[in-house]
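Engineer: Numbering (this note's numbering), first residue to last: -5 to 138.
My structure is below; once you've seen it, I'll send some questions.
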């Protein structure tokens, strides 16, 4: 699959709660730009509404590309810095192995148990049973 930037997000038709996911991705060999302008995308581990509402694992060309540490490939966007940067160079396949535990909520909507994620990036552990603080917002702090 190739992302069509004008077509919106690629999403499953089914809903999932707790799961394990293997995903392979790559940025083009001839990528241009710098920082967040190099293949910026994400894997939404759970969507909570329209667009980019939810919990995001960052996809980005982080091979010799400086950006903020909680926005590089393997980060839980704006919440968790990856434990390592095993990114391969542009044009080479990258792999994520993700173990997701969805948050649960009480009947009044308050948080009962938080979301957790473990991520192996090209076979290297980069997120180890990380407890998310809430949704991964583009601007602002996570809200529980």
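Think of the CB as a built atom: it goes at the ideal place given N, C-alpha and C, for glycine as much as any other residue.
Which residues in the same chain as residue 34 place their Cβ atom closer than 7 Å to its Cβ, once the five residues preceding and following it in sequence are excluded?
Structural biologist: 54
Engineer: For residue 49, which residues from the same chain have a beta carbon less than 7 Å from its beta carbon, with the 5 sequence-adjacent residues on both sides left out?
Structural biologist: Here residue 49 has 38, 39, 40, 109, 126, 129 and 130 as same chain residues with Cβ atoms under 7 Å from its own Cβ, once five neighbours each way along the sequence are excluded.
Engineer: Got a sec? Which residues, its chain only, sit under 6 Å from residue 106 by beta carbon, not counting five neighbours each side?
Structural biologist: 98, 99 and 100
Engineer: Whole-angstrom Cβ separation of residue 62 and residue 81, contact assumed at under 8 Å?
Structural biologist: About 15 Å; that fails the 8 Å criterion.
Engineer: Among the residues of its own chain, which have a CB less than 6 Å from the CB of residue 59, if the five just before and after it don't count?
Structural biologist: Excluding sequence neighbours, residue 59 sits near 32.
Engineer: Between residue 71 and the ligand COA, is the CB less than 6 Å from at least one heavy atom?
Structural biologist: Inclusion of the ligand COA in the displayed structure is not the case, the ligand content being empty and no account of it being possible.
Engineer: Any idea what DSSP makes of residue 67, helix, strand or coil?
Structural biologist: coil
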